[in-house]
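Position 181 of the sequence shown, counting from 1, maps to 386 under this note's numbering, and the rest follow consecutively. Ideal Cβ positions, reconstructed from N, Cα and C, are used throughout, including at glycine. Quick notes on the structure that follows.
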Amino acid sequence: MSMVCNDCGKKMRNMAAAQFHAEKSGHDDFSESTEEIAPLTEQEKKDKLEEMRQALREKKARQAVDDKAAEKRNDEIKRKHTKESEDAKEELRLKEQKKEAARKKQEKADDIAAKKRIREKIEADKAERKRKAEQEKAMRENPAAYDPGAPTAAASGGPSALAAAQQPAKTTANHAEARLRLQTPGGNVMKTFPAETTLFEVAHAVTAETGNETSSFTQNFPKKVWERSDFGMTLKEAGLVPSAALIVK
């Protein structure tokens, strides 16, 4: 049984030939035919074989072109995705960089503000201590001006007043310096400061010695902790005179 192409009228010996014709021409309307087709001559067989080989070569060539085009499209898509990914990473990196810069800027501003507050507190404390010292001096020099009704030793004239006047003045310890053993992350540091030195000034001295910022001082016996907000106190006010051992953090 033979086949005939209804699109072009070409006759084919069998189904395989009809399928080959369909792939080559794109025709798809075939029907069976009872017409006998004469056998091919040797030359016709050779020509037919060459025709099939040529069609196969052309098909492979078209497939190669299609494959190359598909590969090119895939490469372009891959490059696009890679670039988009790199752009996203770069954008994220820049955002993180800006956030870090803003954080450091804020930390610096906060540190400057904290140091300013500490300096202002130190100055205020110094002014207050000076005022108190001047007031106490004035009271010692002229007590009647502050308590006119109080009898003086001379005015009372009693024996007890005379005896008190004859007694030697009591001496009190007046330590002018503080010897500190400062335990830092890098080791112990021995320093001697005037008793009126503030903890803020001690912290600066430790920073100059070790290169590390100081955020607090801790005394184990008795247990006490001085934070930055306490750095306006003098060593005398903090009870660190004449000597003390502090842990620096």
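Spatial distance of residue i from residue j (CA atoms)
i    : j    : result
K277 : M208 : 41 Å
R258 : K250 : 12 Å
R384 : K303 : 46 Å
S290 : K283 : 10 Å
E401 : T389 : 22 Å
S238 : V270 : 38 Å
A307 : E432 : 26 Å
R218 : L261 : 20 Å
G416 : T287 : 46 Å
E305 : I317 : 18 Å
A369 : K342 : Per-residue confidence for A369 stands at a pLDDT of 43, beneath the threshold of 50, marking its modelled position as unreliable; the derived number appears in the next sentence. For A369 and K342, the distance between alpha carbons rounds to 21 Å.
D315 : I323 : 12 Å
A275 : R267 : 12 Å
A449 : E295 : 54 Å
R334 : S421 : 24 Å
L445 : K313 : 31 Å
K337 : K321 : 24 Å
K229 : D292 : 48 Å
Span of the beta strand (DSSP E) around residue i
i    : result
S420 : S420 -> no beta strand (DSSP E), and no H or E assigned at all.
N393 : G392 to P399
Strand pairing of residue i, partner residues [DSSP]
i    : result
Q388 : N393 and I452
A383 : F398
E432 : S421
K216 : V209
Residue i and residue j closer than 8 Å at C-beta
i    : j    : result
L387 : V453 : yes
I242 : K216 : yes
F398 : E382 : yes
L451 : T423 : yes
F235 : A221 : no
Residue i: first and last residue of the uninterrupted alpha helix (DSSP H) it sits in
i    : result
F235 : Looking at the DSSP string, F235 is not in any alpha helix (DSSP H); the run it does join, the beta strand (DSSP E), is F235 to S238.
V411 : L404 to T415
V446 : Here V446 belongs to no alpha helix (DSSP H), and DSSP marks it neither H nor E.
M344 : E247 to E346
M220 : M220 to S230
Count Cβ pairs between the region 398-414 and the region 296-307 that sit closer than 8 Å; are there 3 or more?
no
Could you tell me whether the region 425-434 touches the region 391-403, where touching means 3 or more Cβ pairs closer than 8 Å?
no
Under 8 Å, with one C-beta from each stretch per pair, do the region 319-337 and the region 436-446 reach the 3-pair mark?
yes
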